[in-house]
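In the working numbering, the protein residues as written are 16 to 379.
Everything on this sheet refers to the single structure shown next.
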Ligand SMILES: Cc1cc2nc3c(=O)[nH]c(=O)nc-3n(C[C@H](O)[C@H](O)[C@H](O)COP(=O)(O)O)c2cc1C
Ligand SMILES: CCCCCCC(=O)C(=O)O
């Protein structure tokens, strides 16, 4: 029998072996020099844990809620496009795995399976991620469909007025499958082929004029709560709260948009302080270990989202692989909680971590 992967890095290796290079690079790559891509992960390594001892940890409860929805743990599935590159069942397999792990999935606007198919595949709580297209009616149609099919919130991505420069995709001349949600609404045929079809498609569809006033437009077409994904500055977090959003995701889009933007974990605290409890603050980017999840919670995140690890699991073993990745992160978090002397999510505090700045100051 083949050895079972024991961590996310091993799942990444399998994904690299089984996927065509073009698709693995699309999943794994970042923007520009990929500096932020490395930093998203490295920044977690610079944070140390401060365990407390002699606490009864025979029972650990990782459960939490988001917008009133209960989850087994604060580890959610981030919206990532085109799961059919990884597995023929695409987002349906991912959704079933998320449901089996009792967690919440955010379905991408650019999914390769239809909203309706994902909704009918299993009984899970799902949010819908939104891109705003120049043809607003396309975006509005998908919002209405998501609402009709039981999605519980709209996650508006705000870091993508244009697509980041992803040089691997340009070199590989990334091809784009028809995105089922857009059937009959938009064609992905981008004309004569040059570099990345995704880049060409994005430049023909994304609305670069999207701005704060458009939150009102979104509110006029849906009664679902709105979460903004892609905030990394306190000023924007404050503005988002003033605009009445229901949550914020500290995200740099997995370092696929603006290279040399900061690692998300390094700005989490600034955003959490600015928001001062008004709305839940989530985070994604670079989370590969249960210890990373613990560190994000200690710095004030309500929950985390994971992107690429889900795709590695999907590529390696379909639904079973996604389930295994989620369970692996959940059990790593549970062990970290036990070894840090925390028995519930609320017990994880700022005092359980030491940042690099604090480490340096303690040496002075
Ligand atoms: C292949 C891929 C596709 C993505 N597609 C979307 C998307 O459609 N919408 C979106 O808001 N974010 C998208 N993202 C960003 C993720 O939601 C998330 O911010 C990021 O993956 C988190 O970083 P991680 O991959 O290191 O966990 C995508 C990321 C990847 C890797
Ligand atoms: C029209 C924009 C497509 C974006 C595709 C998915 C995505 O966000 C990514 O990072 O890739």
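Even glycine gets a Cβ: it sits at the ideal position worked out from N, Cα and C.
Could you tell me if the beta carbon of residue 125 falls within a distance shorter than 6 Å of some heavy atom in ligand 2?
Your numbering for residue 125 matches position 110 in the chain shown. The answer is yes for residue 125.
Given this structure, state the Cα-to-Cα distance separating residue 328 from residue 378, to the nearest angstrom.
Along the chain shown, read from residue 1 onward, the residue named residue 328 stands at position 313. Along the chain shown, read from residue 1 onward, the residue named residue 378 stands at position 363. When rounded, the distance between both Cα atoms is 42 Å.
Secondary structure of residue 151, DSSP reduced to three states
What you label residue 151 is simply residue 136 of the chain shown in a count that begins at 1. In this structure, residue 151 counts as helix in the three-state DSSP scheme.
For the beta strand (DSSP E) that contains residue 62, what are its first and last residues?
Locating residue 62 in the chain shown gives position 47, counting from the first residue. That residue, residue 62, is in no beta strand (DSSP E); it is neither H nor E in DSSP.
Inter-residue spacing [alpha-carbon to alpha-carbon] between residue 272 and residue 191:
Against the chain shown, residue 272 aligns to sequence position 257. Against the chain shown, residue 191 aligns to sequence position 176. Cα to Cα, residue 272 sits roughly 18 Å from residue 191.
Segment limits, beta strand (DSSP E) that includes residue 96
The count along the chain shown starts at 1 and reaches residue 96 at position 81. That residue, residue 96, is in no beta strand (DSSP E); it is neither H nor E in DSSP.
beta-carbon residue 220 near ligand 2 non-hydrogen atom, thresh 6 Å
Numbered from 1 along the chain shown, position 205 holds the residue referred to as residue 220. For ligand 2, at least one heavy atom lies less than 6 Å from the Cβ of residue 220.
Output needed for residue 289: all residues of its chain with C-beta closer than 7 Å, excluding positions within five of it in sequence on either side, in chain order.
By one-based count along the chain shown, residue 289 stands at place 274. So the qualifying residues of the chain are 249, 252 and 253.
Taking the alpha-carbon of residue 175 as reference, which of 185, 149, 285 and 162 has the nearest alpha-carbon?
Within the chain shown, residue 175 is the residue found at index 160, counting from 1. For the residues 185, 149, 285 and 162, the minimum Cα distance to residue 175 belongs to 149.
Buried or exposed for residue 42, going by 16 or more other Cβ atoms inside 10 Å?
Stepping through the chain shown from its first residue, residue 42 is reached at position 27. When all chains shown are included, residue 42 counts as buried.
Between residue 274 and ligand 1, is the CB less than 6 Å from at least one heavy atom?
Mapped onto the chain shown, residue 274 falls at position 259. Proximity of the beta carbon of residue 274 to ligand 1 is not indicated: no heavy atom of the ligand is located closer than 6 Å.
Out of 166, 161 and 156, which has the shortest C-alpha to C-alpha gap to residue 199?
Position 184 of the chain shown, counted from the first residue, corresponds to residue 199. That would be 156, whose Cα lies nearest to the Cα of residue 199.
So is the beta-carbon of residue 217 under 6 Å away from any non-hydrogen atom of ligand 2?
For the purposes of this step, residue 217 is identified with residue 202 of the chain shown, where counting begins at 1. Correct: residue 217 has its Cβ closer than 6 Å to ligand 2.
Which stretch, first to last residue, makes up the beta strand (DSSP E) that contains residue 318?
For the purposes of this step, residue 318 is taken as the residue at position 303 of the chain shown. Run containing residue 318: 318-321, per the beta strand (DSSP E) assignment.
Expressed to the nearest angstrom, what Euclidean distance is found between the alpha-carbon atoms of residue 84 and residue 117?
Here residue 84 corresponds to residue number 69 of the chain shown, with the count starting at 1. Here residue 117 corresponds to residue number 102 of the chain shown, with the count starting at 1. If I take the Cα positions, the gap works out to 11 Å.
By a C-beta neighbour count over all protein chains shown, 10 Å radius and 16 as the cutoff for buried, is residue 20 buried or exposed?
One-based indexing of the chain shown puts residue 20 at position 5. The residue in question, residue 20, is buried, as its Cβ has 16 or more Cβ neighbours within 10 Å.
Is any heavy atom in ligand 1 found nearer than 6 Å to the beta carbon of residue 148?
Residue numbering aside, residue 148 sits at position 133 when the chain shown is read from its first letter. No, the Cβ of residue 148 stays beyond 6 Å of every heavy atom of ligand 1.
Local Cβ density within 10 Å of residue 276, reported as buried at 16 or more and exposed below that
For the purposes of this step, residue 276 is taken as residue 261 along the chain shown, with counting starting at 1. By the 10 Å Cβ count, residue 276 comes out buried.
Shortest alpha-carbon distance to residue 145 belongs to which of 351, 374, 241 and 357?
To locate residue 145, count along the chain shown from 1; it is residue 130. Residue 241 is the option with its Cα nearest to residue 145.
Same chain only: Cβ atoms within 7 Å of residue 362, ignoring 5 sequence neighbours per side
The sequence position of residue 362 within the chain shown is 347, counting from 1. Sequence-distant partners of residue 362 (beyond 5 residues in either direction) whose C-beta falls short of 7 Å from its own C-beta are missing from its chain.
Among residues of its own chain, excluding the 5 on either side of residue 147, which ones have a beta-carbon nearer than 6 Å to its beta-carbon?
Counting from 1 along the chain shown, the entry for residue 147 is found at position 132. Here the set comprises 154, 222 and 225.
Length of the line joining the Cα atoms of residue 51 and residue 301:
As a first step, residue 51 is located in the chain shown; it is residue number 36 there, counting from the start. As a first step, residue 301 is located in the chain shown; it is residue number 286 there, counting from the start. Between residue 51 and residue 301, the C-alpha separation is close to 10 Å.
Nearest-angstrom Cα separation, counted from residue 264 out to residue 131
Residue numbering aside, residue 131 sits at position 116 when the chain shown is read from its first letter. Residue numbering aside, residue 264 sits at position 249 when the chain shown is read from its first letter. Their Cα atoms are separated by approximately 25 Å.
For residue 258, the three-state DSSP class (helix, strand or coil)
Start at 1 with the first residue of the chain shown, and residue 258 comes out as number 243. Residue 258 falls in the coil class under three-state DSSP.
DSSP three-state assignment for residue 272, whether helix, strand or coil:
Stepping through the chain shown from its first residue, residue 272 is reached at position 257. DSSP places residue 272 in coil when its eight states are reduced to three.
Flag this pair as touching only if the region 156-172 and the region 137-144 have three or more C-beta atom pairs under 8 Å; answer yes or no.
With a cut-off of 8 Å, the region 137-144 and the region 156-172 count as touching, because enough Cβ pairs lie within range.
Are residue 90 and residue 344 touching if we call contact CB-CB under 7 Å?
As a working note, residue 90 is residue 75 in the chain shown. As a working note, residue 344 is residue 329 in the chain shown. In contact: residue 90 and residue 344 (Cβ atoms closer than 7 Å).
Taking the straight line between their C-alpha atoms, what separation do you get for residue 357 and residue 282?
Here residue 357 is taken as the residue at index 342 of the chain shown, counted from 1. Here residue 282 is taken as the residue at index 267 of the chain shown, counted from 1. So the two alpha carbons sit approximately 24 Å from each other.
Which class does residue 159 belong to by DSSP, given the choice of helix, strand or coil?
As a first step, residue 159 must be located in the chain shown, where it is residue number 144. Correct three-state label for residue 159: helix.
6 Å Cβ shell around residue 96 - same chain, five flanking residues per side excluded
In the chain shown, the residue the question calls residue 96 occupies position 81. The answer, listed in chain order, is 123 and 125.
Write down every uninterrupted run of the alpha helix (DSSP H) in the region 207-240 whose length is 4 residues or greater and which is fully enclosed by it, in chain order.
Complete alpha helix (DSSP H) runs here, min 4: 212-220 and 229-236.
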